[in-house]
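Mapping to our numbering: the sequence shown position 18 is 6, numbers consecutive. Quick reminder that beta carbons are idealized off the backbone N, C-alpha and C, glycines included. What follows is a set of notes on a single structure, which appears directly below.
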Amino acid sequence: MAYDEVLARRISDLLEGEPGVTSKKMFGGLGYLVGGHMAVAAASSGALMVRADPADCEAWADGEAIKPMEMRGRPMAGWLLVDIAAVADDDELGQWVHRGVRFVRTLPPKPPSP
């Protein structure tokens, strides 16, 4: 399944002018990176993927609209999957997008790929 292009456009609009943000197609979705770290993505499932401090993930996950992300059946620490219905309004989407960006800005930049 392809990513939700409307969601991707909304994310792009929110991140316009944000220093150091790039986008990259990956895993069937469109990821938004800061310093080489993916902060958020329009996932191939249609949801929003958000990178966050693992301690915050536990507090923010509700088990329904906001869940810990799993890849191949294994939980991925520091990643949340936010259902599209939970980011229907731009303020809600902005909150999640900026949480991801704020967290990855705390990480050391990744060296460029060769």
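Please go through the same chain and pick out, in chain order, the residues whose beta-carbon is closer than 7 Å to the beta-carbon of residue i, but skip the five residues on each side of it.
| i | result |
| --- | --- |
| P97 | G23, G24 |
| G8 | V22, G23 |
| E58 | M64 |
| L18 | Y(-9), A(-4), S11, A29, A30 |
For residue i, verify whether its CB is less than 6 Å away from any heavy atom of the ligand ZN.
| i | result |
| --- | --- |
| T10 | For the ligand ZN, the structure offers nothing, since it holds no ligand at all. |
Just tell me which of the options has its CA closest to the CA of residue i.
| i | options | result |
| --- | --- | --- |
| E75 | A29, F15, S101 | Reading off the sequence, residue 75 comes out as Val, not Glu. If we check each option's Cα against that of V75, A29 comes out closest. |
| L2 | L69, R87, T94, E52 | R87 |
| Y20 | P102, M64, A(-4), L81 | A(-4) |
| L95 | D(-8), A27, P102 | A27 |
| W67 | D78, D77, D79, V85 | V85 |
Taking 6 Å as the limit between beta carbons, can you name the residues of its chain near residue i, skipping five residues before and five after?
| i | result |
| --- | --- |
| G16 | S32 |
| D41 | F91 |
Is residue i near residue j, with beta carbons less than 7 Å apart?
| i | j | result |
| --- | --- | --- |
| D71 | A49 | no |
| R(-2) | L69 | no |
Residue ranges of each alpha helix (DSSP H) within the segment 12 to 75, 4 or longer
42 to 48
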